[in-house]
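Numbering (the working numbering), first residue to last: 473 to 681. We put the beta carbon where it would ideally sit given N, CA and C, even for glycine. In what follows, a structure is listed as structure tokens, so that the remarks can point back to it.
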């Protein structure tokens, strides 16, 4: 394993690597000659960290080949939700949503003197919880009156359901094939060949090509 040091207070979930199999008062950082718990107690004495927390590996922000052992509560986990993108997120949640709320609540108590543009900021314990806001895709009409519908029936699934995500994803991925199959509503002819280019290719180069 690459050289290991501790120079971070909070890590984001996208850099999670794996577990150490030990608690923070058991895992010793060789370069420092002290446990993760001892390090955090000395450098971040204001944090209330249990010595029995699990120590996990994260990637260093600056050196991708270096791993760092940190307390699991210092991670900011991303949890599986109804969103298609987050459902396929490769990092598993470290704690349950309820436990996450409790941990964050205790963490908020440690924040004091927070300012934004020289104005004091008060962080309340209550958190906002509301129903997911989504865009309901429309029916697309192609040539010959063919409709490309996002849902299999007139009964739209619950917006928080997997069925809703699956049908919308399938609708979005099949729009182009449906267009070529049924032709456009305006009956405008399509070319036989379509060139795909990266976003980094400048417009002048594309037009010249």
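(Q) Count Cβ pairs between the segment 578 to 596 and the segment 613 to 626 that sit closer than 8 Å; are there 3 or more? (A) As far as the Cβ criterion goes, the segment 578 to 596 does not touch the segment 613 to 626, which means the pair count is below three.
Q) residue 660: buried (16+ other C-beta within 10 angstroms of its C-beta) or exposed? A) Reading the chain shown from its first residue, position 188 is the one you call residue 660. Residue 660 should be labelled exposed.
Q: Tell me whether residue 491 is buried or exposed, calling it buried when 16 or more other Cβ atoms sit within 10 Å of its Cβ.
A: If you number the chain shown from 1, residue 491 lands on position 19. So residue 491 counts as exposed.
Q: Might you give, ordered along the chain, the residues of its own chain that have their beta carbon closer than 7 Å to the beta carbon of residue 609, omitting 5 neighbours on each side?
A: The residue you call residue 609 lines up with position 137 of the chain shown. Result list for residue 609: 622, 640 and 643, in chain order.
Q) By the 10 Å Cβ neighbour count, where 16 or more other Cβ atoms means buried, how is residue 507 classified, buried or exposed? A) Mapped onto the chain shown, residue 507 falls at position 35. Classification of residue 507: buried, given that the 10 Å Cβ count is 16 or more.
Q | Neighbourhood of residue 474 by C-beta, 6 Å cutoff - its chain only, sequence neighbours within 5 removed | A | What you label residue 474 is simply residue 2 of the chain shown in a count that begins at 1. Confidence at residue 474 is low in this model, with a pLDDT of 41, below 50, so the placement of that residue should be treated as unreliable; the coordinate-derived value is given next. 537 and 538.
Q. How should residue 528 be labelled, buried or exposed, when 16 other C-beta atoms within 10 angstroms of its C-beta is the threshold for buried?
A. For the purposes of this step, residue 528 is taken as the residue at position 56 of the chain shown. That one is buried.
Q) Just the Cα atoms here: how many angstroms apart are residue 629 and residue 652? A) By 1-based counting over the chain shown, the position of residue 629 is 157. By 1-based counting over the chain shown, the position of residue 652 is 180. For residue 629 and residue 652, the gap between their C-alpha atoms comes out near 28 Å.
Q. Out of curiosity, what's the CA-to-CA distance linking residue 510 and residue 594?
A. The residue labelled residue 510 in the question sits at position 38 within the chain shown. The residue labelled residue 594 in the question sits at position 122 within the chain shown. Their backbone Cα atoms lie some 31 Å apart in a straight line.
Q: Return the first residue and the last residue of the alpha helix (DSSP H) that residue 531 is part of.
A: Within the chain shown, the letter at position 59 stands for residue 531. Looking at the DSSP string, residue 531 is not in any alpha helix (DSSP H); the run it does join, the beta strand (DSSP E), is 526 to 531.
Q. What are the boundary residues of the beta strand (DSSP E) that includes residue 575?
A. Taking the chain shown and counting its residues from 1, one reaches residue 575 at position 103. Counting along the chain, residue 575 falls outside any beta strand (DSSP E), though it belongs to the alpha helix (DSSP H) covering 569 to 581.
Q: Kindly examine the ligand MG and report whether one of its heavy atoms sits closer than 8 Å to the Cβ of residue 538.
A: Because no ligand of any kind appears in the structure shown, any question about the ligand MG cannot be addressed here.
**Q.** Residue burial classification, residue 648 (beta-carbon count within 10 angstroms, cutoff 16)
**A.** Counting from one through the chain shown, the residue named residue 648 turns up at place 176. With fewer than 16 other CB atoms across the displayed protein chains lying within 10 angstroms of its CB, residue 648 is exposed.
**Q.** The beta strand (DSSP E) enclosing residue 489, as first and last residue numbers
**A.** Here the question's residue 489 lines up with position 17 in the chain shown. It spans 488 to 495 - the beta strand (DSSP E) in which residue 489 sits, taken as one unbroken run.
Q: Work out the CA separation of residue 575 and residue 569 for me, nearest whole Å.
A: In the chain shown, residue 569 corresponds to position 97, counting from 1. In the chain shown, residue 575 corresponds to position 103, counting from 1. Those two C-alpha atoms are separated by around 10 Å.
(Q) According to DSSP, simplified to helix, strand and coil, what is residue 510? (A) Numbered from 1 along the chain shown, position 38 holds the residue referred to as residue 510. Residue state, collapsed to three classes: helix.
(Q) Assuming contact is defined by CB atoms lying nearer than 9 Å, are residue 603 and residue 631 in contact in what I supplied? (A) Working through the chain shown from its first residue, we reach residue 603 at position 131. Working through the chain shown from its first residue, we reach residue 631 at position 159. Contact flag set, yes.
Q.
I'd like to know whether the C-beta atoms of residue 429 and residue 544 end up nearer to each other than 9 Å.
A. What the structure shows of the chain is the stretch from 473 to 681, and residue 429 is not part of that stretch, so it cannot be assessed.
Q: Under the assumption that residue 614 contacts residue 655 (Cβ atoms under 8 Å), give the Cβ distance between them as a whole number of angstroms.
A: Here residue 614 refers to the residue found at position 142 of the chain shown. Here residue 655 refers to the residue found at position 183 of the chain shown. Between residue 655 and residue 614 the Cβ distance is about 6 Å, and since that is below 8 Å, they are a contact.
Q: Note down, in chain order, each residue of its chain lying with its Cβ closer than 6 Å to the Cβ of residue 512, except the 5 sequence neighbours on either side.
A: In the chain shown, counting from the first residue as 1, residue 512 sits at position 40. Around residue 512: 521.
Q | Simplified DSSP assignment, three categories, for residue 641 | A | Within the chain shown, residue 641 is the residue found at index 169, counting from 1. It is helical.
Q) Taking buried to mean at least 16 other C-beta atoms within 10 Å of its own C-beta, is residue 636 buried or exposed? A) Taking the chain shown and counting its residues from 1, the one referred to as residue 636 is at position 164. Burial check for residue 636: the Cβ neighbour count within 10 Å reaches 16 or more, so the residue is buried.
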